[in-house]
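S.K.:
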Amino acid sequence: MSVFLKAAGIGGSLLALIAVIIVFLKSVIGFIGFMTFAIKILIVLLFVVMFLAVAALVLRGIRDARRKKE
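Here you go:
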């Protein structure tokens, strides 16, 4: 009986270790997914800011050109 409990203890600890590793890997994959999403949002926001900056420069150039004609 003692040998069975010892074997069950070793097997149980191995199963617990495997479960902890699986949970850790799932959390790492989730974190990588979150970081990827955050980077994508940041890239889109930077693109929008650059687009608005270029539009503002174009409109300022048009306004300055009209002022110089007058």
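Add 237 to the 1-based position in the sequence shown for this note's numbering, that's all there is to it.
From the three backbone atoms N, C-alpha and C, an ideal C-beta is built for every residue, glycine too.
These numbers come from a predicted model, not from an experiment.
(1) Whole alpha helix (DSSP H) runs in the stretch 250-293 with 4 or more residues, listed along the chain?
(2) Cα separation between T273 and A302?
(3) Distance check for L254 and S264, CA to CA, integer angstroms please.
M.R.: For this structure:
(1) none
(2) 43 Å
(3) 15 Å
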